[in-house]
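There are 2 protein chains.
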Amino acid sequence: MLPVLGQLVRFLRQIDSPDNPSPVSLAVLRRLDRDGPARVTDLARLERASQPGMTQLVGRMEKAGLVRRAPDPADGRGVLVEVTGEGRDVITRTHARYEATLDELFDTLDETDRAAIVAALPALERLARAATDRQA
Amino acid sequence: MLPVLGQLVRFLRQIDSPDNPSPVSLAVLRRLDRDGPARVTDLARLERASQPGMTQLVGRMEKAGLVRRAPDPADGRGVLVEVTGEGRDVITRTHARYEATLDELFDTLDETDRAAIVAALPALERLARAATDRQA
DNA sequence: TATTGTTATACTCTATAACTATA
DNA sequence: TATAGTTATAGAGTATAACAATA
Chain B
104 MLPVLGQLVR FLRQIDSPDN PSPVSLAVLR RLDRDGPARV TDLARLERAS QPGMTQLVGR
164 MEKAGLVRRA PDPADGRGVL VEVTGEGRDV ITRTHARYEA TLDELFDTLD ETDRAAIVAA
224 LPALERLARA ATDRQA
Chain U
104 MLPVLGQLVR FLRQIDSPDN PSPVSLAVLR RLDRDGPARV TDLARLERAS QPGMTQLVGR
164 MEKAGLVRRA PDPADGRGVL VEVTGEGRDV ITRTHARYEA TLDELFDTLD ETDRAAIVAA
224 LPALERLARA ATDRQA
C-alpha cells in the first residue's frame, strides 16, 4: 500500500506549473481557507513544522501575495495570518490542475477498477483523518 | 481524492526516525534492490531527476553507506550504482516502520472501511502504474 | 560530435539557537 | 518567567550551466 501511495503522490507533485505551491504551502492555504485566520504558532503545530519554519513560510507566502498578516487584537504578541483572494485562486487552480491529471489517469482504468477506487474514497478519507488526528 | 492522498502521505513522511531516507532516496534504493545495478543517467531519468541531481544524491547515499559505485565494464564513461547490505536494511526498516504506522491507523477503521480499502488496492496500484508509465 | 558523469553555483525549504517584545 | 514571533545561521535537496572523459 505504501509504495502505491508514494508513487501516486510523487507523480502528482511533479506536475509542473507556473505557480506550483509546495505541499505544506498548499496545506496552509487550504486550512486558512477552511478555518479562517490562524496564528503562526498554531499553523506550525498543525502542519508539523517548527515555529521559525512557519514564520519563514508565511513570509514567502506573504511576499507572493497568498496571505496577509495582521496583529492579533487579543494578544499583542500574536499575528493572525489570513488567506487572500489570490491565495484562494491558487488553491482553486492547483486543485483543478491536479484533479485534471488524476481524471486523465483515472480514465485509463477499466470500469471495475474505477468503481473500486470510488467505493474506497470515503474509507480513505477516514484513514487520512485518523492520521491527521493522531498528529494532534 | 487529492487532499486525501496528500494528507496520508505527508503524515507518513512525518514519522520520525534516526534514518529517515528521503522519498527519492527510498525510491532509488527500492529500484536498485528490485532491478539490480543501474547507471546514474538511467536512475535520473527513471526518478525524474536531473543528472547532476542524481550524481549528488548517489554521492550522499554512498557516503551514508547505502549504495556503492563501480565502473561500468561495458562503457568506460558509465558508473554502475549498486545497493549495499546496509541499503537493504534501510529499505526493510523504513517499510516496517511505515507499515506499522499504517496498520495502526488501519485498525482504527471499522470492518467495512478496511474491506473497501483492501478491495481498492489492486486498482490503486494500477493507477500508480499508469502515473509512472505516463512519465516515461 | 554525442553521451556519461562530475563540479560549480544558486535557490528553495526547513531546522536549531539566539534574540525581541509582550503576557 | 513564559509565550509569540523573528532573525541568524546551517544543512539537505535540487536545478542549470560549464566542464572532463569516453564513445
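So the protein sequences, as listed, match chains B and U.
FYI, in the working numbering the residues of the first sequence are 104 to 239.
FYI, in the working numbering the residues of the second sequence are 104 to 239.
The beta carbon of each residue, even a glycine, is placed where N, CA and C say it ideally should be.
- Judged by DSSP in its simplified three-state form, Ala218/U adopts helix.
- When the beta-carbon positions are compared, Ala152/U and Val184/U stay at least 8 Å from each other.
- The beta-carbon of Thr211/B is placed less than 8 Å from the nearest beta-carbon of chain U.
- The three-state secondary structure of Leu149/U, taken from DSSP, is helix.
- Restricting attention to alpha helix (DSSP H) runs no shorter than 4 residues, the stretch 185-235 of chain B encloses them at 188-209, ordered along the chain.
- For Pro174/U, the secondary structure class from DSSP, reduced to helix, strand or coil, is strand.
- DSSP places Ser128/U in the uninterrupted alpha helix (DSSP H) bounded by Pro126 to Asp138.
- By the neighbour-count criterion, in which a residue is buried when 16 or more other Cβ atoms sit within 10 angstroms of its Cβ, Glu150/B is buried.
- For Gly162/B, the enclosing alpha helix (DSSP H) begins and ends at Gln154 to Lys166.
- Against chain U, the CB of Ile194/B has no partner CB under 8 Å away; the residue lies outside that interface.
- If you draw a straight line from the Cα of Leu212/U to the Cα of Ala219/U, it comes to about 11 Å.
- If the five residues before and after Arg191/B are omitted, its C-beta is found closer than 7 Å to the C-beta atoms of Asp136, all from its own chain and listed in chain order.
- Leaving aside the five residues that flank Pro140/B on each side, the residues in its chain whose CB is nearer than 7 Å to its CB run, in chain order, Leu183, Val184 and Glu185.
- Close CB contacts of Gly181/B within its chain, under the 6 Å cut and outside five residues either way in sequence, are with Arg142 and Asp175 (chain order).
- With a 10 Å radius around the Cβ and a threshold of 16 neighbouring Cβ atoms, Ala199/B comes out exposed.
- In the DSSP secondary-structure assignment, Leu169/U is not bridged to any residue.
- Within the stretch 217-234 of chain B, those residues whose Cβ lies closer than 9 Å to any Cβ of chain U are, in chain order, Arg217, Ala218, Ala219, Ile220, Val221, Ala222, Ala223, Leu224, Pro225, Ala226, Leu227, Glu228, Arg229, Leu230, Ala231, Arg232, Ala233 and Ala234.
- Taking 8 Å as the Cβ-Cβ cut-off, the stretch 128-140 of chain U approaches chain B at Leu129, Ala130 and Arg133, given in chain order.
- The C-beta of Thr195/U has fewer than 16 other C-beta atoms within 10 Å across all chains shown, which makes the residue exposed.
- Contact of Leu183/B with chain U by beta-carbon distance below 7 Å is absent, the smallest such distance being about 24 Å.
- Between Glu189/U and Leu160/U the beta-carbon gap is near 16 Å, outside 8 Å, which marks them as no contact.
- Only buried fits Ala226/U, as 16 or more other CB atoms lie within 10 angstroms of its CB.
- Note on Asp216/U: 16 or more other CB atoms within 10 angstroms of its CB, so buried under the neighbour-count rule.
- In chain order, Leu230, Ala233, Ala234 and Arg237 make up the part of chain B whose C-beta sits under 8 Å from the C-beta of Leu208/U.
- In this structure, the CA atom of Phe209/B is about 48 Å from the CA atom of Asp178/B.
- For Arg142/U, the beta-bridge partners assigned by DSSP are Leu183/U.
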